[in-house]
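K.L.:
Residue numbers (this note's numbering), protein chains in the order written: chain A, 1 to 308; chain B, 309 to 616.
Note that the Cβ used here is the ideal one computed from N, Cα and C, for glycine as well.
Sharing a structure, written as structure tokens. Questions coming.
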């Protein structure tokens, strides 16, 4: 019942003057995704963006930007190289690659260091690790760029608990009930959503509102429970914080907030301790911000019996 | 500069009526250790025990018990099988195998599940994991036994900080200075010690006092800083707690306490939060106890630049 929820992610922006990326056919995206080992399950479009729910996470395509997130044992770096080559490296304004440390890293096809070596055969950039090797850590490759990267923020939740977490592990869930429990249509009434329920469990949802997106992926399985949310909503302008709502609904034991070019206030989060932080200036124009929080409660662990 | 400090450990006890294990020649132990990929560096003996400092951790041999601890990329399970076969499984009263999750598990020759499969070709037992896959976790295999296992307690410290931690990373350390900084001869005046300083850094020390032992292994390297101490001292009888002293000297960001058949009080530890615990009844006679602590301070992480 193990599924690797931890994601790899690329954001690629083309220079001004390029044809819209939305002009590429579905075949084109399917060809790239096949190299990573992912399929398209559904698509939602508005005037600004095409949002694809994938067999492993999500793909968003704007006129001049692609955001591709994959989980499981996918080989995202192969899709990244495909895109760089197809678009021609000279047309690329900025490229970032992020990779979350996996629950079971030995099942992955490559390590981050391997991925960087491949990327560096195409473009220059700097690679970082934020966080200790013996805990949650995040890898980041950022191409040499003077452009300002898109504002983006991720909430990664570990070991969700409570009634809603339990519901998400049940065999007879429904999409409608999950959506109601997560309260997303109520919290984000302007958004249009497209969701998918996996067998035997697991849930993905993409949402669009103008140029704004939100994507959420739930891996509810007991020993690898993980939920990620990513959005380009501007938390500094908004008086309400969608992350706080999700933290209250899913009550994770611990969580990370990762943001590019955005500062978040933790004021409305449930009771927490900030145990680690990192501010990283990627270059003159861009900053990467990491914070790790835990609930201030003692977790009573149950030993897992290992059957071989 | 990476070195895997995380240890694997076996404790094997023979039934009453067997010849003393101390009667085996040095050649015998060297033969077993070679299978794991470790060498003997020095030996300290008293009336009760032979204590060997190894190229990777330590070996202790009493009349009816062996405790073998190895770190790095050693293949301890091969030495375990050698001992089981040489001693004959019918003569074994109890056998336990513990394995700490590694900083870089992909560099290991085997996984815990593989190790258990091999063990089960020799003896029956139950295997457990304590702790989440995405954090520090501990594996334990315990043979079917009605005997009471030896009292033992480990303190595992992660990301040591401060002046003494810095000293341990320096190129021109000396054994005498490390011993003085750790204050072990002052804290444990009855003990006789045998220590070894590794190149370019890393320190191991064994101590004996009657049937009591203490062993400490320091991997000071910045990104994988780890220190382990194990002892069979009785903390319930002793008014003083050697672990508290070491925590104050090495100021780790977080630490684990793992004990078999012993309860420890955290009263004298430096300021801390207990974030996780597990009480596991191995069988009617034996209990395994795990606690994870953190310092209640925010750690400011520095991003590591990854050079490929």
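Compare the beta carbon distance of residue 71 of chain A and residue 57 of chain A with 7 angstroms and say whether it is the shorter of the two.
P.N.:
yes
K.L.:
Closer than 7 angstroms, CB to CB, is residue 103 of chain A near chain B or not?
P.N.:
Interface annotation, residue 103 of chain A: in contact with chain B, CB-CB separation under 7 angstroms.
K.L.:
Against residue 131 of chain A, what residues of chain B qualify as contacts under a CB-to-CB distance less than 7 angstroms, listed in chain order?
P.N.:
Against chain B, the beta carbon of residue 131 of chain A has neighbours under 7 angstroms at 609, listed in chain order.
K.L.:
First and last residue of the beta strand (DSSP E) that includes residue 27 of chain A?
P.N.:
In the DSSP assignment, residue 27 of chain A falls outside any beta strand (DSSP E) and lies within the alpha helix (DSSP H) extending over 26–36.
K.L.:
Determine, using beta-carbon pairs with one atom in the region 97–110 of chain A and one in the region 381–389 of chain B, whether at least three such pairs fall under 8 angstroms.
P.N.:
No, the region 97–110 of chain A is not in contact with the region 381–389 of chain B.
K.L.:
Could you tell me the boundaries of the alpha helix (DSSP H) in which residue 113 of chain A lies?
P.N.:
Element bounds for residue 113 of chain A: 112–120.
K.L.:
Tell me, please, whether the CB atom of residue 588 of chain B is closer than 7 angstroms to any CB atom in chain A?
P.N.:
yes
K.L.:
Ends of the alpha helix (DSSP H) at residue 177 of chain A?
P.N.:
175–182
K.L.:
Report the rounded CA-to-CA distance for residue 50 of chain A versus residue 233 of chain A, giving the unit in angstroms.
P.N.:
If you take the alpha carbons of residue 50 of chain A and residue 233 of chain A, they lie about 17 angstroms apart.
K.L.:
Taking only the alpha-carbon atoms, compute the straight-line gap between residue 538 of chain B and residue 554 of chain B and give it to the nearest angstrom.
P.N.:
Going from the Cα of residue 538 of chain B to the Cα of residue 554 of chain B covers about 12 angstroms.
K.L.:
For residue 407 of chain B, which three-state DSSP category applies?
P.N.:
strand
K.L.:
Out of B:463, B:425, B:606, B:590, state which residue places its alpha-carbon closest to the alpha-carbon of residue 302 of chain A.
P.N.:
B:590
K.L.:
What is the DSSP secondary structure of residue 269 of chain A, reduced to helix, strand or coil?
P.N.:
coil
K.L.:
If contact means a Cβ-Cβ distance below 7 angstroms, which residues of the region 441–452 of chain B contact chain E?
P.N.:
The question asks about chain E, but that chain is absent: this structure's protein chains are A and B.
K.L.:
Please report the distance separating the alpha-carbon of residue 543 of chain B from that of residue 549 of chain B.
P.N.:
7 angstroms
K.L.:
In this structure, how does DSSP classify residue 508 of chain B when only helix, strand and coil are distinguished?
P.N.:
coil
K.L.:
Tell me, please, whether the CB atom of residue 272 of chain A is closer than 7 angstroms to any CB atom in chain B?
P.N.:
Residue 272 of chain A does not count as touching chain B.
K.L.:
Does the beta-carbon distance from residue 533 of chain B to residue 455 of chain B come in below 7 angstroms?
P.N.:
no
K.L.:
How long is the line joining the alpha carbons of residue 309 of chain A and residue 69 of chain A, rounded to whole angstroms?
P.N.:
Since the first residue shown for chain A is 1 and the last is 308, residue 309 of chain A is missing from the structure and cannot be characterised.
K.L.:
Using a Cβ-Cβ cutoff of less than 7 angstroms, which residues in the same chain neighbour residue 449 of chain B once the five nearest sequence positions on both sides are dropped?
P.N.:
404, 405, 424, 427, 433, 435
K.L.:
Does residue 200 of chain A pass the burial test, meaning 16 or more other C-beta atoms within 10 Å, or should it be called exposed?
P.N.:
exposed
K.L.:
Count Cβ pairs between the region 325–337 of chain B and the region 276–295 of chain A that sit closer than 8 angstroms; are there 3 or more?
P.N.:
They do not touch, by the three-pair rule.
K.L.:
Could you check whether the Cβ of residue 298 of chain A sits closer than 7 angstroms to any Cβ belonging to chain B?
P.N.:
yes
K.L.:
Using 8 angstroms as the Cβ pair cut-off and three pairs as the minimum, do the region 130–141 of chain A and the region 193–213 of chain A touch?
P.N.:
no
K.L.:
Between the Cα of residue 219 of chain A and those of A:208, A:198, A:129, spot the shortest distance and give me the residue it belongs to.
P.N.:
A:198
K.L.:
Can you pull the chain A neighbours of residue 614 of chain B, defined as C-beta to C-beta under 8 angstroms?
P.N.:
Those within 8 angstroms of residue 614 of chain B in chain A are 112, 113, 116, 127, 128, 129, 139.
K.L.:
Near residue 169 of chain A, which residues of its chain fall below 8 angstroms by C-beta distance, leaving aside the five closest residues on each side in sequence?
P.N.:
Answer for residue 169 of chain A: 201, 220, 221, 222, listed in chain order.
K.L.:
Chain B beta carbons: is any one of them nearer than 7 angstroms to that of residue 80 of chain A?
P.N.:
no
K.L.:
Provide the residue span of the alpha helix (DSSP H) that contains residue 311 of chain A, from first to last.
P.N.:
Nothing about residue 311 of chain A can be read from this structure; chain A reaches only from 1 to 308.
K.L.:
Looking at the unbroken alpha helix (DSSP H) that takes in residue 477 of chain B, where does it start and where does it end?
P.N.:
471–477
K.L.:
If we define contact as Cβ-Cβ less than 7 angstroms, is residue 414 of chain B a contact residue for chain A?
P.N.:
yes
K.L.:
Along the chain, where does the beta strand (DSSP E) that runs through residue 12 of chain A open and close?
P.N.:
8–14
K.L.:
Expressed to the nearest angstrom, what Euclidean distance is found between the alpha-carbon atoms of residue 326 of chain B and residue 440 of chain B?
P.N.:
40 angstroms
K.L.:
DSSP state of residue 414 of chain B, grouped into three classes?
P.N.:
helix
K.L.:
Does the beta-carbon of residue 492 of chain B, which I'm using as the reference point, lie nearer than 6 angstroms to any heavy atom of the ligand PLP?
P.N.:
In the structure on display, the ligand PLP does not appear, and there are no ligands present to speak of.
K.L.:
Compile a chain-ordered list of the residues in the region 526–539 of chain B whose CB is closer than 7 angstroms to at least one CB of chain A.
P.N.:
Cβ contacts with chain A: 531, 532.
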